[in-house]
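Chains as they are written, first to last, in my numbering: chain W, 3 to 112; chain C, 3 to 112; chain X, 894 to 1052; chain V, 894 to 1052. Glycine included, C-beta positions come from ideal geometry on N, C-alpha and C. Here the structure is a predicted model, which means the values were calculated and not measured.
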Amino acid sequence: MQISTRQSGKATIVDVSGDIDLYNSPEVRKVLLAALREERAPRVIVNLREVRYIDSSGVASLVEGLKVSRELGSRLVLLGLSQAVRDVLELSRLNKVFEVCDTEEQALRS
Amino acid sequence: MQISTRQSGKATIVDVSGDIDLYNSPEVRKVLLAALREERAPRVIVNLREVRYIDSSGVASLVEGLKVSRELGSRLVLLGLSQAVRDVLELSRLNKVFEVCDTEEQALRS
Amino acid sequence: MASEENEGLVLKLELHSDPELLCVVRGAVQQLAEVAGLPEAECRSVTLAVDEALTNIIRHAYQGQRGRPIQLSCRCLGPAAPGRPQAQLEFVLVDRGRGVDPAELRGRPLDEVRPGGLGTHFIREIMDEIEYERRGDCNWLRLVKYLTKQKSSETSGGG
Amino acid sequence: MASEENEGLVLKLELHSDPELLCVVRGAVQQLAEVAGLPEAECRSVTLAVDEALTNIIRHAYQGQRGRPIQLSCRCLGPAAPGRPQAQLEFVLVDRGRGVDPAELRGRPLDEVRPGGLGTHFIREIMDEIEYERRGDCNWLRLVKYLTKQKSSETSGGG
Ligand SMILES: Nc1ncnc2c1ncn2[C@@H]1O[C@H](COP(=O)(O)OP(=O)(O)O)[C@@H](O)[C@H]1O
Ligand SMILES: Nc1ncnc2c1ncn2[C@@H]1O[C@H](COP(=O)(O)OP(=O)(O)O)[C@@H](O)[C@H]1O
Chain W
3 MQISTRQSGK ATIVDVSGDI DLYNSPEVRK VLLAALREER APRVIVNLRE
53 VRYIDSSGVA SLVEGLKVSR ELGSRLVLLG LSQAVRDVLE LSRLNKVFEV
103 CDTEEQALRS
Chain C
3 MQISTRQSGK ATIVDVSGDI DLYNSPEVRK VLLAALREER APRVIVNLRE
53 VRYIDSSGVA SLVEGLKVSR ELGSRLVLLG LSQAVRDVLE LSRLNKVFEV
103 CDTEEQALRS
Chain X
894 MASEENEGLV LKLELHSDPE LLCVVRGAVQ QLAEVAGLPE AECRSVTLAV
944 DEALTNIIRH AYQGQRGRPI QLSCRCLGPA APGRPQAQLE FVLVDRGRGV
994 DPAELRGRPL DEVRPGGLGT HFIREIMDEI EYERRGDCNW LRLVKYLTKQ
1044 KSSETSGGG
Chain V
894 MASEENEGLV LKLELHSDPE LLCVVRGAVQ QLAEVAGLPE AECRSVTLAV
944 DEALTNIIRH AYQGQRGRPI QLSCRCLGPA APGRPQAQLE FVLVDRGRGV
994 DPAELRGRPL DEVRPGGLGT HFIREIMDEI EYERRGDCNW LRLVKYLTKQ
1044 KSSETSGGG
């Protein structure tokens, strides 16, 4: 897995690629919480376009990001779900809980 | 692995995708020899664009096709080598032995 | 090398409880599911279920300790056998960690949005049979996926 | 589950001599090479070398018989050990097939264009150490790839 962060206006975009599993989901959690709590980004966009696999621990990291964003009054948006990621969110009954966008423009404007 | 055959003018194009290994290289050999010996195709183009892996038994099938094509006075052309396939042909010292084309038009005209 | 029942395709993996190895096991399971002829989406979900079972062993049975043994046996079984109505892909996971109250394995209701508690739910949704037993000082977990679809007529499950 | 030397990442596969399983082993080896931090092209070539060794066991040691046992042990070893100058990825293959004259394993000259005789050549070109022994009624083959490049700083070898 690779993870990196960039700014676009007031939004922070977190680009993730590869597999998110027990080995690296703590890193995803750390990066999301840093953007929300430390950088105080009003909008965090998690770009999952290049993610080919996510397990329950990866979903848990996203859920934790979502809860913290709600506490802080900021927003967490998921961008570019592959079929693999989509299926796992559906299995989790969380596909309705997250804000999901298909393009970066949408995610920035929504 | 998937393998199928189509005609383009007098040439026979063999499209292969997936992995070529000990399990399925006999099928590659069978299809190539049928096109050469039975169909008497004057030109057989082996489209390897979607081949992600080839082992020595796969290379052996291609070499056998090449030898038979020479015996019969027809031609065997390889099309669209991925880096993976290129590396294995190089390891085999066979990259100079095969006729290789990048596009279908080249392979048909060459 | 113990001789094994020579039925179906057999593959046994022995690994340590190191999270780095999860992707290695997924690489094998994904291919095995393809060889078994499962459609693409089901290859992915079966891989997920096995991965979640391993994750639980590492996190709960071994409480995060590394270097502890895990055994994963995979078999692809044809339909023609007494007591087995279905062609199936079977995974048996064995570890030497602490036991689990089977009630815990049931997972939690999903109506509350909170992290955690999804793994057992995934396994239950994906697999057709799940069996857990404490055997001596080992945990023994059997996961079965039915191969309802016909094996595809491709020459190979490719890589 | 025998307890094993707890050094480096360890993975052991036991499989039958069925060509369908080659892609399954490749799925695991490719990921392991990535976890070990090898660059992409070397992950592919190491996977090829292990696949060729298995292919030779199936074709030559077992003369094409299916259902016979093969063991593949993989270890990723760090540099700090006496008698081991290099971090390395080690594969040990064991089978119960017929023995081989080590001279045969050397392969043939490649100046002649003909099918066959490439597998041992690939293994020699790709691997840094190759060791073969007849041990009792088993063939024992050890293949080592040095990890000269630094392990990448990525969080994971991903799948
Ligand atoms: N292999 C196991 N060994 C021991 N306990 C387990 C095992 N698998 C699951 N459990 C128990 O079942 C509970 C639910 O597991 P799961 O649904 O995977 O969610 P999570 O792992 O996020 O808690 C775990 O919290 C744990 O108490
Ligand atoms: N595992 C093995 N057991 C027995 N003989 C082997 C084994 N591997 C290789 N050989 C011998 O070495 C020769 C060269 O092998 P290789 O280079 O892989 O080419 P090929 O398999 O196409 O003949 C084989 O023909 C065989 O005689």
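Is the separation between the beta-carbon of R31 of chain C and that of E73 of chain C shorter than 8 Å? By one-based count along the second sequence, residue 31 of chain C stands at place 29. By one-based count along the second sequence, residue 73 of chain C stands at place 71. Contact flag unset, no.
Excluding the five sequence neighbours on either side, which residues of its own chain have a C-beta within less than 6 Å of the C-beta of N97 of chain W, listed in chain order? Numbered from its first residue, the first sequence carries residue 97 of chain W at position 95. Answer for N97 of chain W: L91, listed in chain order.
So the candidates are V:G1009, V:R977, V:L998; which of them puts its Cα closest to the Cα of N1032 of chain V? Walking along the fourth sequence from the start, residue 1032 of chain V turns up at place 139. When only C-alpha atoms are compared, the closest one is V:L998.
Closer than 8 Å by C-beta to E41 of chain C: which residues in its own chain qualify, once you throw out the five before and the five after it? Chain order, please. Within the second sequence, numbered from 1, the residue matching residue 41 of chain C stands at position 39. Excluding positions up to five away in sequence, the list reads T14.
With DSSP as the reference, label Q956 of chain V as helix, strand or coil. Stepping through the fourth sequence from its first residue, residue 956 of chain V is reached at position 63. It is coil, neither helix nor strand.
Alpha carbon to alpha carbon, what distance is there between V99 of chain W and S77 of chain W? One-based indexing of the first sequence puts residue 77 of chain W at position 75. One-based indexing of the first sequence puts residue 99 of chain W at position 97. Looking at the sequence provided, one finds Arg at residue 77 of chain W rather than Ser. R77 of chain W and V99 of chain W: Cα-Cα distance of roughly 12 Å.
Three-state class that DSSP yields for K32 of chain C in the structure shown: Along the second sequence, one-based indexing puts residue 32 of chain C at 30. Three-state result, K32 of chain C: helix.
With 16 other CB atoms within 10 Å as the buried threshold, where does T948 of chain X fall? Here residue 948 of chain X is taken as the residue at index 55 of the third sequence, counted from 1. That one is buried.
I'd like to know if S59 of chain C contacts chain V, where contact means its C-beta is closer than 8 Å to some C-beta of that chain. Walking along the second sequence from the start, residue 59 of chain C turns up at place 57. So yes, S59 of chain C belongs to the interface.
Give the straight-line distance between the Cα atoms of S27 of chain W and S63 of chain W, rounded to the nearest whole angstrom. Residue mapping note: residue 27 of chain W aligns to position 25 of the first sequence, counting from 1. Residue mapping note: residue 63 of chain W aligns to position 61 of the first sequence, counting from 1. One C-alpha to the other measures close to 6 Å.
How is V993 of chain X classed by DSSP in three states: helix, strand or coil? What you label residue 993 of chain X is simply residue 100 of the third sequence in a count that begins at 1. In this structure, V993 of chain X counts as coil in the three-state DSSP scheme.
Verify the contact flag: R952 of chain X, CB atom, against every heavy atom of ligand 1, threshold strictly below 7 Å. Sequence index remark: in the third sequence, residue 952 of chain X carries index 59 (1-based). Yes - ligand 1 has a heavy atom lying nearer than 7 Å to the Cβ of R952 of chain X.
Against E66 of chain C, what residues of chain V qualify as contacts under a CB-to-CB distance less than 7 Å, listed in chain order? Taking the first residue of the second sequence as position 1, residue 66 of chain C is located at position 64. By Cβ distance, chain V contributes P1008.
A62 of chain C, enclosing alpha helix (DSSP H) - first and last residue: Locating residue 62 of chain C in the second sequence gives position 60, where the first residue counts as 1. Its alpha helix (DSSP H) spans residues 58-74.
Would you call A996 of chain V buried or exposed, if buried means 16 or more other Cβ atoms sit within 10 Å of its Cβ? Here residue 996 of chain V corresponds to residue number 103 of the fourth sequence, with the count starting at 1. Per the 10 Å Cβ criterion, exposed.
Mind the definition here: the segment 909-918 of chain X touches the segment 922-933 of chain V only if three or more C-beta pairs lie below 8 Å; say whether that holds. yes
My output table needs one value for P972 of chain X: the three-state DSSP class, helix, strand or coil. Here residue 972 of chain X refers to the residue found at position 79 when the third sequence is read from its first residue. In the structure shown, P972 of chain X sits in coil (DSSP, three-state: anything other than H, G, I, E or B).
Under 8 Å between C-beta atoms of V102 of chain W and L80 of chain W: Reading the first sequence from its first residue, position 100 is the one you call residue 102 of chain W. Reading the first sequence from its first residue, position 78 is the one you call residue 80 of chain W. Yes, Cβ-Cβ distance for V102 of chain W and L80 of chain W is below 8 Å.
Closer than 8 Å by beta-carbon distance: list the chain V residues that pair up with D89 of chain C, in chain order. Counting from one through the second sequence, the residue named residue 89 of chain C turns up at place 87. Ordered by position in chain V, the residues that pass the 8 Å Cβ test against D89 of chain C are A934, R937, S938.
S1062 of chain X (DSSP reduced to helix, strand or coil): Absent from the structure is residue 1062 of chain X, since the part of chain X shown begins at 894 and ends at 1052.
If you draw a straight line from the C-alpha of E107 of chain W to the C-alpha of G11 of chain W, how long is it? Numbered from 1 along the first sequence, position 105 holds the residue referred to as residue 107 of chain W. Numbered from 1 along the first sequence, position 9 holds the residue referred to as residue 11 of chain W. Approximately 12 Å between the Cα atoms of the pair.
I believe D21 of chain C touches Y55 of chain C by the beta-carbon criterion, under 8 Å. Please report the beta-carbon distance rounded to the nearest angstrom. One-based indexing of the second sequence puts residue 21 of chain C at position 19. One-based indexing of the second sequence puts residue 55 of chain C at position 53. Right, the Cβ-Cβ distance comes to about 4 Å (below 8 Å), so this counts as a contact.
Could you tell me which chain C residues have their CB closer than 7 Å to the CB of E913 of chain V, listed as they occur along the chain? Here residue 913 of chain V refers to the residue found at position 20 when the fourth sequence is read from its first residue. Going along chain C in sequence order, the residues near E913 of chain V (Cβ under 7 Å) are Y25.
Do G20 of chain C and ligand 2 come close, with the Cβ less than 7 Å from some heavy atom? In the second sequence, residue 20 of chain C corresponds to position 18, counting from 1. Result no, Cβ not under 7 Å from ligand 2.
Assigned secondary structure, T105 of chain C (DSSP; H/G/I helix, E/B strand, else coil): On the second sequence, residue 105 of chain C is found 103 positions in, with the first residue counted as 1. The answer is coil: DSSP assigns T105 of chain C none of H, G, I, E or B.
Evaluate G60 of chain C with the Cβ neighbour count: other Cβ atoms within 10 Å of its Cβ, from every protein chain shown; 16 or more gives buried, anything less gives exposed. Residue mapping note: residue 60 of chain C aligns to position 58 of the second sequence, counting from 1. G60 of chain C comes out buried.
If you check the beta carbons only, do H909 of chain X and V903 of chain V fall under 8 Å apart? In the third sequence, counting from the first residue as 1, residue 909 of chain X sits at position 16. In the fourth sequence, counting from the first residue as 1, residue 903 of chain V sits at position 10. In this structure, V903 of chain V lies closer than 8 Å to H909 of chain X by Cβ.
Just the Cα atoms here: how many angstroms apart are G971 of chain V and G901 of chain X? On the fourth sequence, position 78 is the one that residue 971 of chain V refers to. On the third sequence, position 8 is the one that residue 901 of chain X refers to. Distance between the alpha carbons of G971 of chain V and G901 of chain X is about 37 Å.
With H, G and I counted as helix, E and B as strand and the rest as coil, what does DSSP make of R919 of chain V? For the purposes of this step, residue 919 of chain V is identified with residue 26 of the fourth sequence, where counting begins at 1. Three-state result, R919 of chain V: helix.
Step through the CB atoms of chain X and report whether any lies within less than 8 Å of the CB of L904 of chain V. The count along the fourth sequence starts at 1 and reaches residue 904 of chain V at position 11. Answer yes: the Cβ-Cβ gap between L904 of chain V and chain X drops below 8 Å somewhere.
Would you say the beta carbon of T1013 of chain V comes nearer than 7 Å to a heavy atom of ligand 4? Judged by which ligands are present, ligand 4 is missing from the structure shown, whose ligands are ligand 1 and ligand 2.
Could you check if S27 of chain W belongs to the surroundings of ligand 1, using beta carbon to heavy atom distance under 7 Å? Start at 1 with the first residue of the first sequence, and residue 27 of chain W comes out as number 25. No, the beta carbon of S27 of chain W sits no closer than 7 Å to any heavy atom of ligand 1.
By Cβ distance below 7 Å, which residues in the same chain neighbour F1015 of chain V in space, the five residues on each side in sequence not counted? Locating residue 1015 of chain V in the fourth sequence gives position 122, counting from the first residue. L941, A942, E945, listed in sequence order.
What are the partner residues of I47 of chain C, as DSSP defines its beta bridges? Translated into the one-based positions of the second sequence, residue 47 of chain C becomes position 45. Answer is C:I15, C:V79.
Grab the span of the alpha helix (DSSP H) containing L91 of chain W for me, first residue to last. Reading the first sequence from its first residue, position 89 is the one you call residue 91 of chain W. Segment 85-93, the alpha helix (DSSP H) holding L91 of chain W.
Quick one: using the 10 Å Cβ neighbour count with 16 as the cut-off for buried, is Q923 of chain V buried or exposed? Position 30 of the fourth sequence holds residue 923 of chain V. Classification of Q923 of chain V: buried, given that the 10 Å Cβ count is 16 or more.
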